[in-house]
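Reviewing the structure listed below.
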Amino acid sequence: MNLISPFALWWLLLAVPVVVFYVLKIRLKRVPVSTVIFWRQIFDEKKPRSLWQRLRHLVSLLVQLALLAMLVAALAEPFFSWEAAGARRVVLVVDNSASMAATDVAPSRLERAKEEAAAVIRGLRPRDELAIVAVSPQPRVVCGLTGHHRTLLDALAGIPQTDGPSPLAAAAAVARRLAADTDGGGKEPQVVVVTDGCGEAAPAAADVRVVAVGEKVGNVGITRFQARRSTLDPIGYEVLIEVANQSDDPTGDFRLVLKLNDHPLDVVPLNLPPNGKWSKTIDSTTADGGRLTAELVVKGEKGDAPYPDALAADNTAVAVLPKREPMPVHLHSPAGNWFLENVLRANPLVNLTVGKQLADAPPPGAVVVYHREVPKTLPPGNVLVIDPANGCDLWAVGDKLANPIVTQQDKDSPVMAHVRLDNVLMPEAHKLTFTPAAGKPRVLAGVVTGDPVFAQIDRPSGPVVVLTVDLDKGELPFRTAFPILATNALALFAGGAGELREAVATGATADVNLPATGQAFELVSPDGSVRKLPAGAAKATAGPFDRCGVWAVTADGKPIEEVAVNLMNRAESDLRPTAPEAPPATAADAGLTSGLLGRPVWWYLTAAGFLLVALEWYLYQRRWIS
Amino acid sequence: MPLFDSEFLKKLEYLSLVSKRVFRGSLLAQRRTMQLGTGVEFADHREYTPGDDFRYLDWNLYARHDELLLKRFQEEEDLHVYFLLDASRSMAFGDPPKFDFARRVGAALAYIALADLDRIAVTAFAADVAADFPLTRGKDRILSLLKFLENLEPRGEDTNLERVATGFVHRDQRRGLVVVLSDLYDPAGFERGLDILRHRRYEPHVVQIHDRYEREPADMLGDVEMWDVESGTSRKVTVTEKNLRQYRALFDDFQDKVQGYCTRHALGCTRTSTEVTFDELILRMMRTAGAVR
Chain A
1421 MNLISPFALW WLLLAVPVVV FYVLKIRLKR VPVSTVIFWR QIFDEKKPRS
1471 LWQRLRHLVS LLVQLALLAM LVAALAEPFF SWEAAGARRV VLVVDNSASM
1521 AATDVAPSRL ERAKEEAAAV IRGLRPRDEL AIVAVSPQPR VVCGLTGHHR
1571 TLLDALAGIP QTDGPSPLAA AAAVARRLAA DTDGGGKEPQ VVVVTDGCGE
1621 AAPAAADVRV VAVGEKVGNV GITRFQARRS TLDPIGYEVL IEVANQSDDP
1671 TGDFRLVLKL NDHPLDVVPL NLPPNGKWSK TIDSTTADGG RLTAELVVKG
1721 EKGDAPYPDA LAADNTAVAV LPKREPMPVH LHSPAGNWFL ENVLRANPLV
1771 NLTVGKQLAD APPPGAVVVY HREVPKTLPP GNVLVIDPAN GCDLWAVGDK
1821 LANPIVTQQD KDSPVMAHVR LDNVLMPEAH KLTFTPAAGK PRVLAGVVTG
1871 DPVFAQIDRP SGPVVVLTVD LDKGELPFRT AFPILATNAL ALFAGGAGEL
1921 REAVATGATA DVNLPATGQA FELVSPDGSV RKLPAGAAKA TAGPFDRCGV
1971 WAVTADGKPI EEVAVNLMNR AESDLRPTAP EAPPATAADA GLTSGLLGRP
2021 VWWYLTAAGF LLVALEWYLY QRRWIS
Chain B
723 MPLFDSEFLK KLEYLSLVSK RVFRGSLLAQ RRTMQLGTGV EFADHREYTP
773 GDDFRYLDWN LYARHDELLL KRFQEEEDLH VYFLLDASRS MAFGDPPKFD
823 FARRVGAALA YIALADLDRI AVTAFAADVA ADFPLTRGKD RILSLLKFLE
873 NLEPRGEDTN LERVATGFVH RDQRRGLVVV LSDLYDPAGF ERGLDILRHR
923 RYEPHVVQIH DRYEREPADM LGDVEMWDVE SGTSRKVTVT EKNLRQYRAL
973 FDDFQDKVQG YCTRHALGCT RTSTEVTFDE LILRMMRTAG AVR
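Residue numbers (this note's numbering), protein chains in the order written: chain A, 1421 to 2046; chain B, 723 to 1015.
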């Protein structure tokens, strides 16, 4: 047997005061009595003092010395050599993904997982070490290798519930690296994954043991919820919603309530078959924007009640619709064009002014649209040129292309989104030759000869988009591509303002453009917790997002951008474990707890000390010892 | 703080007032001796013999029957009240000490007696007589008595009431009331001493005093060295809860034994704890005697 802290044996010197106190104690307390008449009657009837009575003072001293010896030995932390040889290095991987919030086991799967993990911690043998890795949204070591139970239990209790995915394979890899015997201590590495088996499966390996929590329960959830701008209506948007019943039983009647800023927008009654799903695209319009929420509800006694399933995180979803600001547009068309003017006028965001003279000054900040007549030098700002009849500082107008056929389109350009020009007749389009001042224009649409008919020139003073098609002779004005193209061009000029940001799934990240104001930026989660964003950067990556809801990037407390985050993870919503064979249900079943006999020697010594104290107290109360 | 201060004296005066006449009739009962003498209460007649005082001839009877008869009157005598005050060391026990309490009670009763023109004497005793205050009369003697009591100290060893009583009854003195102020912790038993007083036609009245810690000993559990303050001897014992229960039972038996003895022999008996004040005790004794309501 060896001692970890042999210096603790110095505490044995406490035996000296114990003996001194014992000697002082046997000098009995002197109690005056007025008469011994009555006491004599009591004590003279008793038998002579037995051998035990004479020894009981000595026994009391021996009990105290034994107690001291036990406590000192416990402080010295003795251990056997076989304990050191059989030590383990355990890494606990605790799944805290969205599905672990399910309440099929009270109070939740995560809390049950923590109980199992705590059982593993308490079952550590004396020389074992243990580390804890939280799975979601990304694997994270919450406590390094240690054998200190209190530290481990505190770290375990601090693992938060997230709405993120469960990257168990990555977490297991982290755990394996952590458990690897790098210091040559000879400890047996072991990875213990505590999970509900939903989402990503734990890797099957000899050194990975799985402790399962939760039961096989059904769940109904919103598995897709995405909003986008309408391709036709600048203030319109489309919402794609998918609701899935991940259960072997039908759902019964329930409803999907769609709200914009808490005002009901649509209510869809639903009743899904086993393992069925429902999806729909809903169109609507709003210029003011706001928060668009979808919620699964059932009819309650006092109105709608939340859908009563085990997982609440996927019963709601949210999208952020930014406000669309009006855009001043000045059209210069000496001859006028009915289609062009009405395409612009039909856009509800456009405040259109029309001029016929180049001398007419456009409103400040307006997008200037030139039709046919172009000034020698294009003004700074956003400029759209349709069918230029004359050259300018950026190009020279060449011959006409008889029957140009568009053979190349820049599909990556936002201006060409949802636009197809390859089958559109555009006779007598002008051929342009760009001057060096135009730099290297981006050809949005080109014909077979390689000549551009639609191009974007990015000037330092503002972008210029030029379309060489003669609107009076081609069929472009009759195609849906024309208003889409005009809307896309205006959206390009508007920049990112008012553009709709797609909702992201939990566990993902999002790039955020930060204004160069020198302010400190923060990322505020739906529950109000704050994370700092890098200062001075033009763009920052926010996330990974671990909670559902609307996250806000703020500067001095004011939001500058919002990101909608939804679960949108069918695997996490499916609360039926995917493991082919049920793993051991508890840590004890998995043989991960050592029980009472797995405790260190000092624990037994301390326990024996307490038993000795209890025994002494019992004997003292009965005056068997003093 | 003096044992007998002005407050004490005020209380004595008060007690004397409330006890007047009626109290005397019971506790300090006004005794009439069988001796015939010069009293005012007629007793009987006897034949005249030469030398008798003519003033006591019943001239009416002589005129009616022509017979010389002498009127005899019952002579009233002062009541003699003797106080036997236990001054053994056991009386020093308690808080307040039982001895202080006994002295106050004795002083109060003596004052009441002196106020009624009775005669009182005080004998302090332990194993034997320790000090005497001679028979005295008159209210003005109270201060001397208080001084005597104040100078007493509980220094005597084992109480021996029998020896004290034997010596007491052999004194050349008149019979009377004997107020025994003691805890009665006599190793040989208190009965023999009281028997001697009774047999010699004294009328004992027992005032038995105990302290509350005698009834409920404190800090006694465990191994203790029990020190008898009276004998000065000590004994190492282990006191258990069971022992304490036995002790309480024996103590209560002793109290009952004192009461039983007094009842059996029609003696006055007052058992008290030092928790009550002396004036409360006197009033209680008066109520028992019917002196006050």
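Ideal Cβ positions, reconstructed from N, Cα and C, are used throughout, including at glycine.
Asked	Found
Span of the alpha helix (DSSP H) holding His-787 of chain B?	781–787
Alpha carbons only, please: which of B:Thr-960, B:Arg-768, B:Val-951 is nearest the one belonging to Asp-945 of chain B?	B:Thr-960
Taking 7 Å as the threshold (C-beta atoms), are Pro-1670 of chain A and Arg-1509 of chain A in contact?	no
Taking the beta strand (DSSP E) that Glu-1387 of chain A belongs to, which residues open and close that run?	The structure shown does not extend to residue 1387 of chain A, since chain A is modelled only from 1421 to 2046, so the question has no answer here.
Locate the alpha helix (DSSP H) running through Leu-2025 of chain A, then write down its first and last residues.	2021–2041
Assuming Thr-1907 of chain A is part of the alpha helix (DSSP H), what are its boundary residues?	1901–1914
Can you tell me which of the three DSSP states Lys-1820 of chain A falls into?	strand
Assign Thr-755 of chain B to one of three DSSP states: helix, strand, or coil.	Note that Thr-755 of chain B scores 44 on pLDDT, short of 50, meaning its location in the model is unreliable; the coordinates nonetheless yield the value given after this. Three-state result, Thr-755 of chain B: strand.
What residue from A:Leu-1588, A:Leu-2035, A:Val-1789, A:Val-1492 has the CA that sits closest to Asp-1752 of chain A's CA?	Residue 1752 of chain A is actually His in this sequence, not Asp. Taking only the C-alpha atoms, the option nearest His-1752 of chain A is A:Val-1789.
Evaluate Asn-1989 of chain A with the Cβ neighbour count: other Cβ atoms within 10 Å of its Cβ, from every protein chain shown; 16 or more gives buried, anything less gives exposed.	buried
Could you tell me the alpha carbon to alpha carbon distance between Arg-885 of chain B and Val-851 of chain B, rounded to whole angstroms?	9 Å
Using a threshold of 7 Å, state whether the C-beta atoms of Pro-1654 of chain A and Leu-1764 of chain A are closer than that.	no
Beta-carbon of Leu-972 of chain B versus every beta-carbon of chain A: anything under 7 Å?	yes
Under three-state DSSP, which class holds Arg-825 of chain B?	helix
Identify every residue that forms a DSSP beta bridge with Asp-975 of chain B.	Note: Asp-975 of chain B sits in no beta bridge, so no partner.
Tell me whether Asp-840 of chain B is buried or exposed, calling it buried when 16 or more other Cβ atoms sit within 10 Å of its Cβ.	buried
Quick check on Gln-1484 of chain A - is its C-beta less than 7 Å from some C-beta in chain B?	no
Compute the beta-carbon to beta-carbon distance between Thr-1888 of chain A and Leu-1852 of chain A, rounded to the nearest angstrom, for a pair I have assumed lies under 8 Å.	6 Å
In chain A, which residues lie less than 9 Å from Gln-930 of chain B when you measure between Cβ atoms?	Under the 9 Å cutoff, chain A gives no residues; its nearest Cβ is about 13 Å from Gln-930 of chain B.
Give, in chain order, every unbroken run of the beta strand (DSSP E) that is at least 3 residues long and sits entirely within the segment 917–986 of chain B.	925–932, 944–950, 956–961
Under the rule that 16 or more other beta-carbon atoms within 10 Å means buried, what is Arg-743 of chain B, buried or exposed?	No answer about Arg-743 of chain B holds up, because its pLDDT of 42 lies below 50 and its placement is not dependable.
Decide if the segment 1702–1717 of chain A is in contact with the segment 1677–1686 of chain A; the criterion is three or more beta carbon pairs, one per stretch, under 8 Å apart.	yes
Does the segment 861–874 of chain B touch the segment 883–898 of chain B, meaning 3 or more C-beta pairs lie closer than 8 Å?	no
Taking 7 Å as the CB-CB cut-off, is Leu-1444 of chain A touching chain B?	no
Should Met-813 of chain B go down as buried or exposed, given a rule of 16 or more other Cβ atoms within 10 Å for buried?	buried
State the Cα-Cα distance for the pair Glu-2036 of chain A and Asp-1627 of chain A, rounded to the nearest angstrom.	48 Å
What residue from A:Ala-1592, A:Leu-1798, A:Ala-1647, A:Pro-1587 has the CA that sits closest to Gly-1619 of chain A's CA?	A:Pro-1587
Skipping 5 residues on each side, what residues in its chain have a beta carbon closer than 6 Å to that of Ser-904 of chain B?	Asp-808
Report all residues from its chain with a CB closer than 7 Å to the CB of Pro-876 of chain B; omit the five preceding and five following residues, and keep chain order.	Ala-809, Ser-810, Arg-811, Met-813, Ala-814, Phe-821
Going by the CB atoms, is the gap between Ser-1993 of chain A and Asp-2054 of chain A shorter than 7 Å?	Nothing about residue 2054 of chain A can be read from this structure; chain A reaches only from 1421 to 2046.
Cα separation between Ala-1632 of chain A and Ser-1667 of chain A?	20 Å
Report back the beta-carbon spacing between Leu-1495 of chain A and Ala-1428 of chain A to the nearest angstrom; my notes put them in contact at under 8 Å.	4 Å
Please check if any C-beta of chain B sits within less than 7 Å of the C-beta of Gln-1581 of chain A.	no
Please state whether DSSP places Met-1846 of chain A in a helix, a strand or coil.	coil
Is there a Cβ of chain B sitting closer than 7 Å to that of Val-1453 of chain A, yes or no?	yes
Using the rule of at least 16 other Cβ atoms within 10 Å of the residue's Cβ for burial, across every protein chain shown, is Glu-1549 of chain A buried or exposed?	buried
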